[in-house]
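Below is one structure, written out as structure tokens; comments come after it.
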Amino acid sequence: MNIRKLLTKIWFVLGFGIWSVTVAAQDMPGGPKVNQLNFPAPATKIMEEIHWLHWFMMIICLLIFIGVFSVMFYSIYKHRKSKGAQPASFHESTSVEIIWTVIPLLIVIGMALPATKTVVAMKDTTNADITIKTTGYQWKWGYDY
0 MNIRKLLTKI
10 WFVLGFGIWS
20 VTVAAQDMPG
30 GPKVNQLNFP
40 APATKIMEEI
50 HWLHWFMMII
60 CLLIFIGVFS
70 VMFYSIYKHR
80 KSKGAQPASF
90 HESTSVEIIW
100 TVIPLLIVIG
110 MALPATKTVV
120 AMKDTTNADI
130 TIKTTGYQWK
140 WGYDY
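Numbering (numbering that gives the first Met the number 0), first residue to last: 0 to 144.
Put into structure tokens, the structure is as follows:
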């Protein structure tokens, strides 16, 4: 059998499997609503914070993705090989290395502060509506209410 035909069949089977699981998951009780994109509506203050944190992190990741791929595609287009081109000769730029170290550090700090605030708020269980004791057994979980 030709390897190309085999790969085509494998991709078809994988695609059909992913599609069927997606369709089946939409019909499950407690599953996502039709065309649901986000978390369900928050019922508690903590869930509102988690919901906000989720979108905050998603926006930061999207901006990083757009920035990195924009620079990458610009660089690919601008610095493609031409006939007779002589490459630039440069080595080490301390200022560039400092910049690409400090910017990610600031981004991580900016992401860690609200995440830490939310995690600390989740640790406070003094006014819990219900207490659930969870016990881990081999191959299963046990719950006591």
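Backbone N, C-alpha and C define an ideal beta-carbon position, used for all residues, glycine too.
C-alpha gap between residue i and residue j, whole angstroms
i	j	result
L104	S74	24 angstroms
T93	L52	35 angstroms
L6	C60	33 angstroms
The beta strand (DSSP E) enclosing residue i, as first and last residue numbers
i	result
K139	K139 to D143
K82	Here K82 belongs to no beta strand (DSSP E), and DSSP marks it neither H nor E.
T130	Element bounds for T130: n/a, residue is neither H nor E.
Of the residues the options, the one placed nearest residue i, counting alpha carbons only
i	options	result
I129	I63, Y142 and V119	Y142
A120	P39, V12 and K44	K44
H50	C60, I58, F38 and I59	F38
I58	G109, L6, K122 and I131	G109
L36	I2, K116 and W54	W54
Residue range of the unbroken alpha helix (DSSP H) whose run includes residue i
i	result
T117	T93 to K122
F55	K44 to K77
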